[in-house]
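For reference, the structure is listed below as structure tokens.
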Amino acid sequence: MQKTLLRSKLHRINVTQVELNYEGSCAVDTDILAKGNLQEYEKIDIYNVTNGERFSTYLMSAEAGSKTVSINGAAAHKASPNDIIIICAYGLYEESEAKIHKPTLVYFDKDNNIKSIKHGIPEQKS
80 MQKTLLRSKL HRINVTQVEL NYEGSCAVDT DILAKGNLQE YEKIDIYNVT
130 NGERFSTYLM SAEAGSKTVS INGAAAHKAS PNDIIIICAY GLYEESEAKI
180 HKPTLVYFDK DNNIKSIKHG IPEQKS
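Just so you know, my numbering puts 94 at position 15 of the sequence shown, and the rest follows in order with no gaps.
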């Protein structure tokens, strides 16, 4: 049996632009993609912390070093510049892999600078 697990997450990154009249997808700085173990054309889910929208799309590359996060095409209706979002990619893992799997979690400041990279989420306390 395979399990779907979180593979990579860009946590609380800021939308820098929206482009309604652009071919659909989400463009992210290629340096950020590399740090998050993500690649162009990969399917992602986006969770908009600012407005509660949730949607799926795919990644495309934006200029390295630009800190760009652009929500494009129809998805541009679901975000605005300066919205805080979470970008997640998932993978299928065999049970033996799932037991030892550790996702890549990249955390950002308000200017889309990387604050830290982790490989686990702390246990939530009551």
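Glycine included, C-beta positions come from ideal geometry on N, C-alpha and C.
- The three-state reading of DSSP puts residue 109 in helix, counting H, G and I together.
- If you draw a straight line from the Cα of residue 159 to the Cα of residue 99, it is about 11 angstroms long.
- DSSP places residue 150 inside the beta strand (DSSP E), whose first and last residues are 148-151.
- If you look at residue 168, you'll find it in the beta strand (DSSP E) that goes 163-173.
- Within the same chain, Cβ atoms closer than 6 angstroms to the Cβ of residue 89 are found at 115, 166, 185, the five residues on either side in sequence being excluded.
- Closest in C-alpha terms to residue 120, from the list 205, 101, 168, comes 168.
- Distance from residue 124 to residue 135 at the Cβ level is roughly 5 angstroms; contact confirmed, criterion being Cβ atoms closer than 8 angstroms.
- The Cβ atoms of residue 189 and residue 93 sit closer than 9 angstroms to each other.
- Between the beta-carbon of residue 149 and that of residue 109 there is about 13 angstroms, and that puts the pair past the 8 angstroms contact cut.
- Judged by their CB atoms, residue 84 and residue 170 are nearer to each other than the 9 angstroms cut-off.
- Restricting attention to 155, 202, 164, 111, the CA atom closest to the CA of residue 192 is found in 111.
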